[in-house]
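Q: Protein chains in written order, with UniProt numbering: chain A, 1 to 224; chain B, 1 to 224. All C-beta atoms, glycine included, are put in the ideal place defined by N, C-alpha and C. Quick one: the structure is below, questions incoming.
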């Protein structure tokens, strides 16, 4: 196997997305933790050779370099899923299309709401020393609740988003879903998200897959 | 070929993304124009059988239903590209990964900036009767200019985002790119976007592919 290097920061949701997939596929990799303090990700070398947008994560697979977390996940699966017992992408055209559909929902609807909520309730205080705006928090919480209601409708009678097996679509929801569960743990969001995506149990140390990804929850708590 | 139905609204950028791909692949399809006035896309039937999020476009291919425009594009290519002379997705793992990478950049960076700009300069007036906030317009314009600078860096020495051939990554940029070109035509954005993505000429009626997609520009102008 060629040497894989994942350049990122474990607290970042996008990096976690790639790390979870790498762990599920049992891939050997080197994690290069980006140095935020020295602004390594905005350095001339990083922009020229890793990602011109100055964002993480970045994957290096031999001479091949790739950025954007969801694209990296799909690449790792396309190239290495064959060696793994975990099948995160189906082999039929319709099955792949459904995974793409729910990944797009995660990208365009789920993450933006989670991100806005996290910025208002957590990052605003940490980065700017400002208090959350109660009206915005109320609105984002309502938006998220409405979204979960639709997810519950989708998951009615199914174990995972695409049916009986966990796919990349479920995994992609995990990092921001866990942020929301931690930020909102007092209001039972954890249980609701876990039940909603059917991945909380599988990926949080409670079931079979948990041991592979338990590192994720610990790092979350370290950050928060 | 099974009967394809595209449910959407031609002025919507997401619908246009699917229509362009369908035209490039020379697919026969029925376009069902959604009735916004009767809120057809929020009706009980639409939410239950088409898209639970109440959004367009939706594809129906026989009994198979799919939503989210970029997922629909990939599905159409995976299923029907074989019959077409246009190759919008490469066949190698690294090539597909690069298309995914630039599609993700389009989704997460390009569209949000274009969308924010269009909302402030156009939709705010149409929908709310309010004037644009000059400070916001200035900020969005600067954000977009910065983004274009990075795209120009990426395209240095290449004809398209992924090399010498137009892929789905380029096509996905077209609808919002054209909105920007129309909104900002007095400031030479059209030329800059066209040059940037190398698709303006190819898809606007000036070159070989233009005739297939010229309908798009006309519909744009009808809307605006």
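Kindly indicate if chain A contains any beta-carbon less than 8 Å away from that of residue 79 (chain B).
A: Yes - at least one Cβ of chain A is within 8 Å of the one on residue 79 (chain B).
Q: Counting only Cβ pairs nearer than 7 Å, list the residues of chain B close to residue 87 (chain A).
A: Residues of chain B passing the Cβ test: none, with the nearest at roughly 17 Å.
Q: Tell me which residues share the same chain as residue 86 (chain B) and place their Cβ nearer than 6 Å to its Cβ, disregarding the 5 neighbours each side in the sequence.
A: For residue 86 (chain B), where only same-chain residues beyond five positions count, the Cβ hits under 6 Å are 24.
Q: Does DSSP put residue 63 (chain B) in a helix, a strand or coil?
A: Residue 63 (chain B): coil per DSSP, three-state reduction.
Q: In chain A, what lies closer than 7 Å to residue 172 (chain B) by C-beta?
A: None at all; the shortest Cβ gap to chain A is about 11 Å.
Q: According to DSSP, simplified to helix, strand and coil, what is residue 36 (chain B)?
A: It is coil, neither helix nor strand.
Q: Determine which residues share a DSSP beta bridge with residue 30 (chain A) and list them.
A: The partner list for residue 30 (chain A) (beta bridge, DSSP) reads A:5.
Q: Which residues in the same chain as residue 124 (chain B) place their Cβ atom closer than 7 Å to its Cβ, once the five residues preceding and following it in sequence are excluded?
A: Within the same chain, residue 124 (chain B) has close Cβ partners 130 and 132.
Q: I need the boundaries of the alpha helix (DSSP H) containing residue 99 (chain A), first residue and last residue.
A: Segment 93–105, the alpha helix (DSSP H) holding residue 99 (chain A).
Q: Could you name the residues of the stretch 62–76 of chain B whose beta carbon sits closer than 7 Å to any beta carbon of chain A, in the order they occur along the chain?
A: For the stretch 62–76 of chain B, which is checked against every Cβ of chain A, the residues closer than 7 Å are 64, 66, 67, 68, 70, 71, 74 and 75.
Q: Give every residue of the same chain whose Cβ lies closer than 8 Å to the Cβ of residue 77 (chain A), excluding the five residues on either side of it in the sequence, and list them in chain order.
A: Closer than 8 Å at Cβ, skipping near neighbours: 21, 25, 88, 89 and 168.
Q: Take residue 225 (chain A) and list the residues in its own chain whose beta-carbon comes closer than 6 Å to its own, dropping the five residues that flank it on each side.
A: Outside the modelled stretch of chain A, which goes from 1 to 224, sits residue 225 (chain A), for which no answer is possible.
Q: Give the C-beta separation of residue 104 (chain B) and residue 106 (chain A) to the nearest angstrom, bearing in mind that I take them to be a contact with Cβ-Cβ under 8 Å.
A: No, residue 104 (chain B) and residue 106 (chain A) are not in contact; Cβ-Cβ is about 12 Å, not under 8 Å.
Q: Residue 40 (chain A) touches chain B at which residues, Cβ-Cβ below 7 Å?
A: Near residue 40 (chain A) there are no residues of chain B at all, since even the closest Cβ is about 18 Å away, more than 7 Å.
Q: Alpha carbon to alpha carbon, what distance is there between residue 134 (chain A) and residue 92 (chain A)?
A: Straight-line Cα distance between these residues: approximately 46 Å.
Q: Measure the alpha-carbon distance for residue 58 (chain A) versus residue 66 (chain A) and round it to whole angstroms.
A: The straight-line gap from Cα to Cα measures roughly 6 Å.
Q: Among all the DSSP beta bridges, which residues are the ones paired with residue 58 (chain A)?
A: Answer is A:7 and A:67, bridged to residue 58 (chain A).
Q: Can you have a look at residue 46 (chain B) and say buried or exposed, based on whether 16 or more other CB atoms are within 10 angstroms of its CB?
A: That one is buried.
Q: For a contact defined as C-beta to C-beta under 8 Å, what are the partners of residue 108 (chain B) on chain A?
A: Ordered by position in chain A, the residues that pass the 8 Å Cβ test against residue 108 (chain B) are 68 and 107.
Q: Looking at the unbroken alpha helix (DSSP H) that takes in residue 171 (chain A), where does it start and where does it end?
A: Start and end: 168–183.
Q: Out of curiosity, what's the CA-to-CA distance linking residue 56 (chain B) and residue 50 (chain A)?
A: Rounded to whole angstroms, residue 56 (chain B) to residue 50 (chain A) spans 35 Å at the Cα level.
Q: Taking only three categories from DSSP, how would you classify residue 129 (chain B)?
A: Residue 129 (chain B) falls in the coil class under three-state DSSP.
Q: For chain B, find out if any of its Cβ atoms is closer than 8 Å to the Cβ of residue 12 (chain A); answer yes or no.
A: No, residue 12 (chain A) does not count as interfacial toward chain B.
Q: So, is residue 157 (chain A) buried or exposed, given that buried needs 16 or more other C-beta atoms within 10 angstroms?
A: Under this definition residue 157 (chain A) is an exposed residue.
Q: Any idea what DSSP makes of residue 157 (chain A), helix, strand or coil?
A: Coil, per DSSP.
Q: For residue 165 (chain B), count neighbouring C-beta atoms within 10 Å of its own C-beta (all shown protein chains included) and say buried if the count is 16 or more, exposed if not.
A: Its Cβ having fewer than 16 others within 10 Å, residue 165 (chain B) is exposed.
Q: Does any CB atom of chain B fall closer than 8 Å to the CB of residue 94 (chain A)?
A: Yes, residue 94 (chain A) counts as interfacial toward chain B.
Q: Beta carbon of residue 48 (chain A), beta carbon of residue 97 (chain B): below 8 Å?
A: Not in contact: residue 48 (chain A) and residue 97 (chain B) (Cβ atoms no closer than 8 Å).
Q: Under a three-way DSSP split, which group does residue 219 (chain A) fall into?
A: Bear in mind that a pLDDT of 41 at residue 219 (chain A), under 50, signals an unreliable position, so the number given afterwards is only what the model happens to contain. Residue 219 (chain A) falls in the helix class under three-state DSSP.
Q: Measure the alpha-carbon distance for residue 201 (chain B) versus residue 174 (chain B) and round it to whole angstroms.
A: Note that residue 201 (chain B) scores a pLDDT of 46, beneath 50, so its modelled location is shaky; the value from the coordinates is reported in the next line. C-alpha separation (whole angstroms): 11 Å.
Q: Does any residue of chain B bring its CB to less than 8 Å from the CB of residue 7 (chain A)?
A: No, residue 7 (chain A) does not count as interfacial toward chain B.
Q: Spell out whether any CB of chain A is found under 8 Å from the CB atom of residue 104 (chain B).
A: Judged by the 8 Å Cβ criterion, residue 104 (chain B) is in contact with chain A.
Q: Answer yes or no: does any C-beta atom of chain D fall closer than 8 Å to that of residue 3 (chain A)?
A: Going by chain labels, chain D is absent from the structure shown, which instead holds the protein chains A and B.
Q: According to DSSP, which residues form a beta bridge with residue 163 (chain A)?
A: Per DSSP, A:160.
Q: Quick check on residue 111 (chain B): buried or exposed, where buried means 16 or more other Cβ atoms within 10 Å of its Cβ?
A: With 16 or more other Cβ atoms within 10 Å, it is buried.
Q: Should residue 142 (chain A) be labelled buried (16 or more other beta-carbon atoms within 10 Å of its own) or exposed?
A: So residue 142 (chain A) ends up on the exposed side.
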